[in-house]
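Scroll down for the structure; my scribbles are underneath it.
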Amino acid sequence: MDQEPQSEQTSGTGVWQPKVIAFVCNWCTYAGADLAGTSRLKYDANIRVIRLPCTGRIDPLFVIKAFERGADGVLVSGCHPGDCHYNTGNYHARRRWTLFRELLEFVGVDLRRVQFAWVSAAEGAKWAEVVNAMVQHVRELGPFDGYHIMLAHSGQTEWLKTMAAKGGNGSGVPGTLPVSPREAKEEGGVTDGRRC
Amino acid sequence: MADAVEELRALARDLLSKGAVQVFVGYGAGSVANRTIPLIITSADRAGELVWNKHCLNNLAVYLTRQEVLKRGKVAVVLKGCDARAVTGLLQETQIPRERVVLVGMACDGMGEPLLEMCRHCDVHTPAAPGGDAHRLACDHVIGTATAANAAPDDEAAFADVAKIEAMSPAQRWAFWQEQFSRCVRCYACRQVCPLCYCKRCAVEKNEPQWIASSAHEAGNFAWHMIRAMHLAGRCVACGACERACPQHIPLTLLSKKMAKSVAAHFKYRAGTDPTAAPAVKTFDSSDDNSFFR
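For the protein sequence lines, the chains are A and B, in the order given. Read in order, the letters of the first sequence are residues 1 to 196 in the working numbering. Read in order, the letters of the second sequence are residues 1001 to 1294 in the working numbering.
Below is the structure:
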């Protein structure tokens, strides 16, 4: 991390690459993604797939955690309504996500960063389309600066370094970070001393 | 109100002396004027210490899930209409055996001086008495009659502050909440006073893995408030206890009201109104909104 900050996110080309985490269910979307692979379908490599038993298992905490670990977008995908391996897991998940996305929107998260899909085991081509579209949206939005800045202010020094290396965030001054609301209040400078 | 307090004391004296309940949870005089404290008494001799006035803000329903209270036996608790909604939620979630509790509903014209904003939009000034609507929690005793008129349950003015935030741009909303959350000191007072935050082990205390950073830094605070709001979505009865308990004055009810608004809009459900209804996030409908899925 020290030698080459964000090496993963620049792919050695110097061009920023979005990092998108996909939480998928074991029975439909994971198999769909598998099908995309065995069908030799090419899609954006910016996605990291995390397999879970069911969309009903995907806790909103997972999405928060993904952002905390530097994700720029999160995709959640599972079986179509009516197709759940456990009969009702995706229905319960749908209620939860309905509320969670409105909560995220309410606190200022752009909902293009958190997307949802139903991809069956037979829909390898749809999986490729969903991923490409998601990555495209996040690419347009750019890095999730808001969250990254929040992490930097929370003592996540790696992020502080990478953000500084990138030349700041809208402050126009390379190597500086916007002052956090709390620090602005305390009239102190930006420090990376606050640890978890 | 003076009549009501005498009636309340007489009831407490009666219930405790007869052994109908072993614990009576009500309000007592605070150490300063215009304040009350939760008063938990186990003997009829102390019934005279109970008070009922404009400052009985605490939601005493929180004690109904506390083992140190329950282990003493049958519990009577003083409830305002809004607090009774929290008890409704606890009953829906099978957290309290109905036969173990005696609910003492107090007619209430609104609390606080000046009147709390939430009380202006109250639609439960008088808790329901036994023998009424089966879809509303009946208290075992109801004391007094409220003079204030009930607001319409779908009173849009109650959500005016939510609409104000919604009208902001995403960047403004982000900045607003970053500022609010940055003040959080993670005292968890909001959790402790919430009657519906009854988990024996809270998500924030789970540390293998550490899901929510426990330090009071922005990222941890953000995760905490998001998860708190999610865990209360469709369950919060908007009693406002969390916001009143917050030493940092974070507008916590904004988040829960936003969730209540979404729950009402999508699932036609309002928390704590019908003890026979299935809680919104416990159930589902195959015709729920599917528009945001690709």
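Ideal Cβ placement from N, Cα and C applies to all residues, glycine included.
Cα-Cα separation between residue i and residue j, rounded to whole angstroms
| i | j | result |
| --- | --- | --- |
| Cys1194 of chain B | Ala1086 of chain B | 9 Å |
| Ala1157 of chain B | His1121 of chain B | 7 Å |
| Pro1279 of chain B | Arg1046 of chain B | 38 Å |
| Ile50 of chain A | Phe106 of chain A | 27 Å |
| Tyr1198 of chain B | Gly32 of chain A | 40 Å |
| Pro174 of chain A | Ile149 of chain A | Reliability fails at Pro174 of chain A, whose pLDDT of 45 lies under 50, so the model's placement of it is uncertain and no value is given. |
| Phe1293 of chain B | Ser1215 of chain B | 35 Å |
| Pro1247 of chain B | Gly1234 of chain B | 25 Å |
| Arg199 of chain A | Gly1026 of chain B | Since the displayed chain A opens at 1 and closes at 196, residue 199 of chain A lies outside it and no answer follows. |
| Glu1208 of chain B | Gly1220 of chain B | 16 Å |
| Ala1151 of chain B | Phe1159 of chain B | 13 Å |
| Arg1249 of chain B | Glu1243 of chain B | Rather than Arg, the amino acid found at residue 1249 of chain B in this sequence is His. Going by the C-alpha atoms only, they are around 7 Å apart. |
| Ser1182 of chain B | Phe1222 of chain B | 8 Å |
| Leu99 of chain A | Asp1014 of chain B | 46 Å |
| Gly1073 of chain B | Gly1048 of chain B | 21 Å |
| Ser1017 of chain B | Val1075 of chain B | 13 Å |
| Gly37 of chain A | Gly124 of chain A | 8 Å |
| Val138 of chain A | Arg112 of chain A | 7 Å |
| Asn1058 of chain B | Gly146 of chain A | 37 Å |
| Ala1175 of chain B | Glu140 of chain A | 21 Å |
| Val1005 of chain B | Gln1095 of chain B | 29 Å |
| Ala1128 of chain B | Asp59 of chain A | 37 Å |
| Arg1098 of chain B | Val1021 of chain B | 13 Å |
| Val109 of chain A | Tyr86 of chain A | 31 Å |
Residues of its chain near residue i, where Cβ-Cβ distance is below 7 Å and the 5 sequence neighbours each way are ignored
| i | result |
| --- | --- |
| Asn46 of chain A | Gln17, Pro18, Lys19, Val20 and Val135 |
| Glu4 of chain A | Since pLDDT at Glu4 of chain A reaches only 41, below the 50 mark, its modelled position is unreliable, and the value read off the structure follows with that caveat. For Glu4 of chain A, where only same-chain residues beyond five positions count, there are no Cβ hits under 7 Å. |
| Asp44 of chain A | Val131, Asn132 and Val135 |
| Ala1229 of chain B | Leu1255, Ser1256 and Met1259 |
| Trp1052 of chain B | Met1001, Ala1004, Val1005, Leu1008, Tyr1027 and Met1106 |
| Val119 of chain A | Cys28, Thr29, Gly32, Ser77, Lys126, Trp127 and Val130 |
Local conformation of residue i per DSSP, three classes
| i | result |
| --- | --- |
| Pro1038 of chain B | strand |
| Ile1212 of chain B | coil |
| Asn1053 of chain B | coil |
| Gly1240 of chain B | coil |
| Met1106 of chain B | strand |
| Arg204 of chain A | With chain A covering only 1 through 196, there is no way to say anything about residue 204 of chain A. |
| Asp2 of chain A | Only weak support exists for where Asp2 of chain A lies, its pLDDT of 41 falling under 50; the value from the coordinates is given anyway. Asp2 of chain A: coil per DSSP, three-state reduction. |
| Asn132 of chain A | helix |
| Phe144 of chain A | coil |
| Gln1092 of chain B | helix |
| Leu75 of chain A | strand |
| Asn1221 of chain B | helix |
| Ala1010 of chain B | helix |
| Leu103 of chain A | helix |
| Arg194 of chain A | Summary for Arg194 of chain A: the model assigns pLDDT 42, below 50, so the residue's position carries little reliability, and this model does not support an answer. |
| Trp127 of chain A | helix |
| Phe1267 of chain B | helix |
| Val138 of chain A | helix |
| Val114 of chain A | strand |
| Leu1115 of chain B | coil |
Closer than 7 Å: residue i CB and nearest the ligand GDP heavy atom
| i | result |
| --- | --- |
| Arg1294 of chain B | The ligand GDP is not among the ligands present in this structure, which contains no ligands whatsoever. |
Listed by chain order, chain B residues near residue i by CB distance under 7 Å
| i | result |
| --- | --- |
| Thr88 of chain A | Phe1284 |
| Gly248 of chain A | Nothing in the structure corresponds to residue 248 of chain A, since chain A is present only between 1 and 196. |
Chain-ordered chain A contacts of residue i [CB-CB under 8 Å]
| i | result |
| --- | --- |
| Lys1258 of chain B | Glu102, Leu103 and Phe106 |
| Pro1251 of chain B | The premise fails here: Pro1251 of chain B is roughly 12 Å from chain A at the closest Cβ pair, so nothing lies under 8 Å. |
| Pro1170 of chain B | Glu105, Gly108, Val109 and Asp110 |
| Val1263 of chain B | Leu99 |
Nonlocal neighbours in the same chain, by C-beta distance under 6 Å from residue i, ignoring five residues either side
| i | result |
| --- | --- |
| Thr1088 of chain B | Leu1137, Gly1272 and Pro1275 |
| Val63 of chain A | Val74 |
| Val1263 of chain B | Gly1234, Tyr1269 and Ala1280 |
| Ala117 of chain A | Ser77 and Val130 |
| Ala93 of chain A | Thr55 and Gly56 |
| Ala1107 of chain B | Thr1126, Gly1144, Thr1145 and Ala1146 |
| Ala198 of chain A | Because chain A is modelled from 1 through 196, residue 198 of chain A falls outside the range shown and cannot be assessed. |
Outcome for residue i when other beta-carbon atoms lying within 10 angstroms are tallied against a minimum of 16
| i | result |
| --- | --- |
| Leu1008 of chain B | buried |
| Arg101 of chain A | buried |
| Ile1165 of chain B | buried |
| His1231 of chain B | buried |
| Phe1284 of chain B | buried |
| Gln1178 of chain B | buried |
| Ser39 of chain A | exposed |
| Val1104 of chain B | buried |
Interface partners of residue i on chain A, CB under 7 Å
| i | result |
| --- | --- |
| Ile1165 of chain B | Phe106 |
| Gly1220 of chain B | Ser154 |
Residues that residue i contacts on chain A, provided the C-beta gap is smaller than 9 Å
| i | result |
| --- | --- |
| Asn1290 of chain B | Pro81, Arg94 and Trp118 |
| Val1281 of chain B | His92, Arg95, Arg96 and Leu99 |
| Phe1159 of chain B | Ordered by position in chain A, no residue passes the 9 Å Cβ test against Phe1159 of chain B, which lies about 12 Å from the chain. |
Amino acids of chain B, ordered along the chain, whose beta-carbon sits closer than 9 Å to that of residue i
| i | result |
| --- | --- |
| Lys19 of chain A | Going along chain B, no residue has its Cβ under 9 Å from Lys19 of chain A, so there is no contact; the nearest lies around 17 Å. |
Residues of its chain near residue i, where Cβ-Cβ distance is below 8 Å and the 5 sequence neighbours each way are ignored
| i | result |
| --- | --- |
| Asn90 of chain A | Cys25, Cys54, Thr55, Gly56, Gly78, Cys79, His80, Pro81, Asp83, Cys84 and Trp118 |
Cβ-based contacts, 8 Å cut-off: residues of the stretch 52 to 77 of chain A near chain D: Going by chain labels, chain D is absent from the structure shown, which instead holds the protein chains A and B.
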